[in-house]
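Okay, structure first, notes after.
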Amino acid sequence: MTPTSVLVLGYAVALTAAATYPKLQYDPDTISTCAEWWDNGGSETCEYVRNLFDISPQLFHTWNPSVGLDCTPWQYQSYCILSKERLSSLTATQTTTTHATTTTKATTTTTHAPTPTAWQQLGCYVDDDASSPVLEKQISSADAALTIAKCETACWQASGATVLYAGVKAGNQCWCGSFVGGEGDWDDTKCNTPCTGDKAAVCGGKDRIQVFEPVAGPRTTTTTSPAACATDAMGLASPRPEDADCNVLALSGGGTTIQTFVSGDNVASLAGCASVCLSTTNCTNVYYTQDEHCNLHAGADTHKPNLDSVYTYYDARCFFCESSCRLTSPQPTNVECGVLAYSHGGTALLSRSAGPSIQSAVDCAELCSATTGCTNFYFTPGQYCNLKSGAETHKADPSSPFLFYDASCFKCVGKA
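Read in order, the letters of the sequence shown are residues -18 to -1, 1 to 398 in mature numbering (1 follows the signal peptide of the UniProt record, and there is no 0).
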């Protein structure tokens, strides 16, 4: 077994104690391309974690700037223990076979290659205004071994495998961006500085940047994966829903702001923001900042990835599994959804005053979906989930503690 194989195997075993998303508070200066997190509950030392994942003090400090080379301070929070760049290098030549005893199904999933198979040049751009660069994020300023491919790969990895732009300038600078500012010069002769890592190629010029964009789309593969799905403590579905952008630093590019929260449970945790989105009519995505913002949006996905944004973007699909329910969008016009009312007729099926079904209207809808004959329910947050069958005969009353929902107010994926 090669040393690389041993290291990859060690990571596979150790990562059973890690998570894809931080479940505790974390340093905002943590590397943006973190792929795996360690939730430090206080039972393990910093040195133990570094040794477990074979991370040098210098590398651990690079990923987690709040921790010194001497492993202090070591706080009750989440720490990055694997970057996407290191994960890519560890797994580039590894092929593994896994076996599961759970029921599986064949699914078509969309995944990105580590880098696109091709890039195309957009042009040679004038880039002489430091206050308004063509691409907003400088990755390297004096790379003695810069190549175009190296810059393209760095931008692709830094963006989380989303489609951004890469640019080379002055022979030794690499820039990335979610958009291209300015106008192309289109005179390629002004991009005339050889790349420091490939003298046969040109990497921009003086006050000129060559910009490239990936042209290869995501590759489609057929995989066999467990049918089971669950949401974690942060409210995120695992495995991640197909074609949904989750945990992307971004700015809003359109859509309609439904509601904003700057305090309370909805900003205290991502799970709180997720819950209010799933219980809000027409919420399709959120922009979240820990302890500061939970902004609910409606409309098409129009976010713009931005590595400097204080907001993290989540498609609403990031928060529910295929077997879960969410409010139908748009809402049916011939039924009542979320109306304060008392029951007046119909047949009581069952009533819950404890357990997960009383936590949110979505949870109550989940129970209704799984109960034969349920046509509507009455819900009081944290207190009641009462299921009924038969014709809708509620009586609207603003003083009622119950919210009435027709079952058709919710779409439960996987249920006809």
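The beta-carbon is built from N, C-alpha and C at its ideal position, and this holds for glycine as well.
Quick caveat, the model's predicted, so the values are computed rather than measured.
If distances are taken between C-alpha atoms only, which option among the options comes closest to residue i?
{"i": "Cys307", "options": "Val49, Cys276, Val344 and Asp273", "result": "Val344"}
{"i": "residue 414", "options": "Ser160, Asp189, Leu34 and Ala373", "result": "Outside the shown range of the chain (-18 to 398) lies residue 414, about which nothing can therefore be said."}
{"i": "Cys319", "options": "Glu374, Gly355, Ser291 and Thr329", "result": "Glu374"}
{"i": "Leu332", "options": "Asn316, Cys185 and Lys370", "result": "Lys370"}
{"i": "Thr329", "options": "Ser342, Cys391, Thr357 and Pro176", "result": "Thr357"}
{"i": "Cys16", "options": "Leu218, Arg299, Ile63 and Thr294", "result": "Ile63"}
{"i": "Thr129", "options": "Lys66, Ala148, Asp9 and Lys286", "result": "Ala148"}
{"i": "Lys66", "options": "Ser14, Asn33 and Ser114", "result": "Ser14"}
{"i": "Pro55", "options": "Glu29, Arg68 and Thr135", "result": "Glu29"}
{"i": "Gln241", "options": "Thr135, Tyr270, Leu289 and Ser382", "result": "Tyr270"}
{"i": "Cys53", "options": "Arg32, Arg68 and Phe243", "result": "Arg32"}
{"i": "Ile191", "options": "Asp214, Ala182 and Asp111", "result": "Asp111"}
{"i": "Ser251", "options": "Thr294, His285, Asp290 and Ser220", "result": "Thr294"}
{"i": "Pro115", "options": "Cys156, Ala131, Ala140 and Lys132", "result": "Cys156"}
{"i": "Cys177", "options": "Ala127, Gln139 and Ser38", "result": "Ala127"}
{"i": "Lys5", "options": "Ser60, Glu26 and Val244", "result": "Ser60"}
{"i": "Ile284", "options": "Phe302, Gly179, Ile37 and Thr239", "result": "Per the sequence shown, the amino acid found at residue 284 is Thr instead of Ile. Thr284 has its Cα closest to that of Thr239, out of Phe302, Gly179, Ile37 and Thr239."}
{"i": "Gln7", "options": "Glu274, Ala182 and Ser113", "result": "Glu274"}
{"i": "Glu118", "options": "Phe384, Thr353, Ser291 and Leu385", "result": "Ser291"}
{"i": "Val184", "options": "Ala131, Val49 and Gly246", "result": "Ala131"}
Please state whether DSSP places residue i in a helix, a strand or coil.
{"i": "Cys276", "result": "strand"}
{"i": "Cys158", "result": "strand"}
{"i": "Ile130", "result": "helix"}
{"i": "Cys255", "result": "helix"}
{"i": "Ala215", "result": "coil"}
{"i": "Arg222", "result": "coil"}
{"i": "residue 400", "result": "Limits of the chain in this structure are -18 at one end and 398 at the other, which puts residue 400 out of reach."}
{"i": "Gln7", "result": "coil"}
{"i": "Pro115", "result": "coil"}
{"i": "Pro96", "result": "Unreliable positioning characterises Pro96 in this predicted model, as indicated by a pLDDT of 44, which lies under 50. The coordinate reading is nonetheless provided below. DSSP places Pro96 in coil when its eight states are reduced to three."}
{"i": "Val244", "result": "coil"}
{"i": "Cys391", "result": "helix"}
{"i": "Trp138", "result": "helix"}
{"i": "Phe42", "result": "helix"}
{"i": "Cys265", "result": "coil"}
{"i": "Lys188", "result": "coil"}
{"i": "Pro208", "result": "In this prediction, Pro208 has a pLDDT of 38, which is less than 50 and means its spatial position is unreliable; what the coordinates show is noted afterwards. Of the three classes helix, strand and coil, the one that applies to Pro208 here is strand, per DSSP."}
{"i": "Tyr30", "result": "helix"}
{"i": "Val108", "result": "strand"}
{"i": "Ala373", "result": "coil"}
{"i": "residue 425", "result": "This structure gives no information on residue 425, because the portion of the chain shown stretches from -18 to 398."}
{"i": "Thr202", "result": "Because Thr202 sits at a pLDDT of 37, beneath the cut-off of 50, its placement in the model cannot be relied upon, and the following sentence gives the value as read from the coordinates. Here Thr202 sits in strand by DSSP."}
{"i": "Ala250", "result": "helix"}
{"i": "residue 441", "result": "Because the chain spans -18 through 398 in this model, residue 441 falls outside it and cannot be assessed."}
{"i": "Ala378", "result": "strand"}
{"i": "Leu231", "result": "strand"}
{"i": "Thr238", "result": "strand"}
{"i": "Leu146", "result": "coil"}
{"i": "Leu385", "result": "strand"}
{"i": "Cys16", "result": "strand"}
Could you pull out every residue in the same chain whose Cβ sits closer than 7 Å to the Cβ of residue i, ignoring the five residues on either side in sequence?
{"i": "Asp379", "result": "Leu322, Ala323 and Tyr324"}
{"i": "Cys367", "result": "Arg334, Ser339, Ile340, Cys346, Leu349, Phe359 and Phe361"}
{"i": "Gln365", "result": "Ser335 and Ile340"}
{"i": "Gly24", "result": "Tyr58"}
{"i": "Asn248", "result": "Gly254, Cys255, Val258 and Cys276"}
{"i": "Leu146", "result": "Cys137, Cys158, Gly159, Ser160 and Pro287"}
{"i": "Ala226", "result": "Asp297, Arg299 and Cys300"}
{"i": "Cys228", "result": "Leu218, Arg222, Tyr296, Asp297 and Cys300"}
{"i": "Glu134", "result": "Thr97, Trp101, Ala148 and Phe194"}
{"i": "Leu104", "result": "Val162, Gly166, Val193, Phe194 and Glu195"}
Counting only beta-carbon separations shorter than 8 Å, does residue i have a partner in chain C?
{"i": "Cys62", "result": "Structure shown: chain C not included; a single protein chain is present."}
Which same chain residues, not among the five before or five after residue i, have their C-beta less than 8 Å away from its C-beta?
{"i": "Ala40", "result": "For clarity, residue 40 is Gln in the given sequence; the question names Ala instead. Excluding residues within five positions, the ones whose Cβ falls inside 8 Å are Leu51."}
{"i": "Ala282", "result": "Gly236, Gly237 and Thr266"}
{"i": "Ser382", "result": "Leu322, Ala323 and Tyr324"}
{"i": "Asp388", "result": "Pro314, Val317, Glu318, Cys319, Thr357, Asn358 and Glu374"}
{"i": "Ser123", "result": "Asn154 and Gln155"}
{"i": "Lys172", "result": "Cys106, Gly187 and Arg190"}
So, for residue i: in the same chain, excluding its five sequence neighbours on each side, which residues have a beta-carbon less than 6 Å away from its beta-carbon?
{"i": "Asn264", "result": "Ala280 and Ser311"}
{"i": "Asp11", "result": "Pro47"}
{"i": "Phe42", "result": "Arg32"}
{"i": "Asp21", "result": "Lys5, Leu6 and Ser60"}
Say the cut is 7 Å; is the CB of residue i nearer than that to a heavy atom of the ligand GTP?
{"i": "Ala148", "result": "With respect to the ligand GTP, the structure shown offers nothing to examine, as it has no ligands at all."}
Output the residue ranges of the beta strand (DSSP E) runs that lie fully inside the stretch 274 to 356 and measure 3 residues or longer, sorted by chain position.
If only complete runs of 3 or more residues are kept, the stretch 274 to 356 shows the beta strand (DSSP E) at 275 to 280, 294 to 297, 307 to 309, 319 to 324 and 329 to 334, in order along the chain.
Counting pairs of Cβ atoms below 8 Å between the stretch 258 to 265 and the stretch 225 to 234, do you hit three or more?
Touching, no.
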